[in-house]
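J.: Residue numbering for the sequence shown follows this note's numbering, starting at 30 and increasing by one per position.
Every residue gets a Cβ at the ideal spot worked out from N, C-alpha and C, and that includes glycine.
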Amino acid sequence: MPYADSDGTSIYYERHGSGPAILFVHGSGGHHAAWWQQVAALRDEFTVVTLDLRGFGRSDSSMPEFDGQDFPGDVVAVLDHEDLTDVMLVGQSIGSVAALRAGLLRPERVSSVVLGHSLGGISHPELRELAAADRAEAVKLPVVDRLLTKPFQRERADLTFLFQQMGTFNAARMQDLRNLDTDGPSLEEIRASGVRVAFLAGEKDAVLGVKTVTRAHELLPDSRLEIVPGAPHSMYWETPGPYNEAVARLRRTLTAPEEAA
């Protein structure tokens, strides 16, 4: 079983398939197995890497507390251990913050970062205000209603139950991740890194509104924007088909520029 060392912490990861690399970074309720619908769909064309951040899944969870500021280093540890280059990091929700910071730490390995249902912790006063307004509305809903649509919960009670069970394998909780979303990178730092950024969100995301994501895209020149119709915050789980198509499309087009001869 593959483990990478992140400053003395064992980080579990898996590598599937071959081709251009995609590394998925889970959110607060996930772990490596949350990407089962992505691995099966994408491994024939791409190298698909999944991991467990510390405190999640099979990674080291023995520490008395978890610091979200350590999570980008966990991603970097896997990148380095597998000696990956021209990688597209795909984050989900708070995992996008870890993905963006990891990309900025290793721009020689990471060509692009897809911020799934997240602004990636970008430090910008207007975006901070817009995201706070979205969160104020989201907290009025039960947690599962923020993540999955009501029709899906009614029609797929089995997958809804499994979705809720996924988080029971984790020691870390959302409150352990919140400090990760502070002191984030500026738009200027992202542009200077050379790492390309794409925003990927669902039309029915109850946590982060389409208008907020669109504004972030407008503020970050050369970024990409993908809004999937009818999809919720946990699009990877509820609508894997359109999600996988969007990820594959981004991986085919967001690649490291060829060096001049």
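(1) Over what stretch of residues does the alpha helix (DSSP H) that includes T211 continue unbroken?
(2) For T76 versus E43, is the C-beta distance shorter than 9 Å?
(3) Measuring alpha carbon to alpha carbon, tell me which of Q98, R135 and G124 ends up nearest A63.
(4) Fully enclosed by the region 60–124, which beta strand (DSSP E) runs are 3 residues long or longer?
(5) Quick one: what does DSSP say G48 is sitting in, helix, strand or coil?
(6) Run through DSSP, which three-state label would S141 get?
(7) Three-state secondary structure (DSSP) at A131?
(8) Buried or exposed: E267, going by 16 or more other Cβ atoms within 10 Å of its Cβ?
(9) What residue range does the beta strand (DSSP E) around R225 cover?
(10) Judging by CA-CA distance, which residue of G149, S91 and G59 is the nearest neighbour of T38?
(11) Spatial neighbours of A167 within its chain, please: C-beta separation below 6 Å, excluding the five flanking residues on both sides.
(12) Per DSSP, what kind of secondary structure is V276 in: helix, strand or coil?
(13) Sorted by chain position, which residues of the same chain lie with C-beta nearer than 7 Å to T178's C-beta, five sequence neighbours on each side aside?
(14) Please tell me whether N208 and D73 are closer than 9 Å, where the distance is taken between their beta carbons.
T.: The short version:
(1) Here residue 211 is taken as the residue at index 182 of the sequence shown, counted from 1. Segment: none, T211 is in no alpha helix (DSSP H) and carries neither H nor E.
(2) Your numbering for residue 76 matches position 47 in the sequence shown. Your numbering for residue 43 matches position 14 in the sequence shown. No.
(3) Taking the first residue of the sequence shown as 1, we reach residue 63 at position 34. Selected option, being the one with the closest Cα: G124.
(4) 76–80 and 116–121
(5) Along the sequence shown, one-based indexing puts residue 48 at 19. Here G48 sits in coil by DSSP.
(6) The residue given as residue 141 occupies position 112 in the sequence shown. Of the three classes helix, strand and coil, the one that applies to S141 here is strand, per DSSP.
(7) To locate residue 131, count along the sequence shown from 1; it is residue 102. DSSP places A131 in helix when its eight states are reduced to three.
(8) As a first step, residue 267 must be located in the sequence shown, where it is residue number 238. Per the 10 Å Cβ criterion, buried.
(9) Residue mapping note: residue 225 aligns to position 196 of the sequence shown, counting from 1. Its beta strand (DSSP E) spans residues R225 to G231.
(10) Start at 1 with the first residue of the sequence shown, and residue 38 comes out as number 9. Cα-wise, what sits closest to T38 is S91.
(11) As a first step, residue 167 must be located in the sequence shown, where it is residue number 138. Cβ neighbours of A167 beyond the five flanking positions: R175, A235 and V236.
(12) One-based indexing of the sequence shown puts residue 276 at position 247. In this structure, V276 counts as helix in the three-state DSSP scheme.
(13) Position 149 of the sequence shown, counted from the first residue, corresponds to residue 178. Answer for T178: K233, P261 and E267, listed in chain order.
(14) On the sequence shown, residue 208 is found 179 positions in, with the first residue counted as 1. On the sequence shown, residue 73 is found 44 positions in, with the first residue counted as 1. No; because the gap between Cβ atoms is not below 9 Å, this pair is not in contact.
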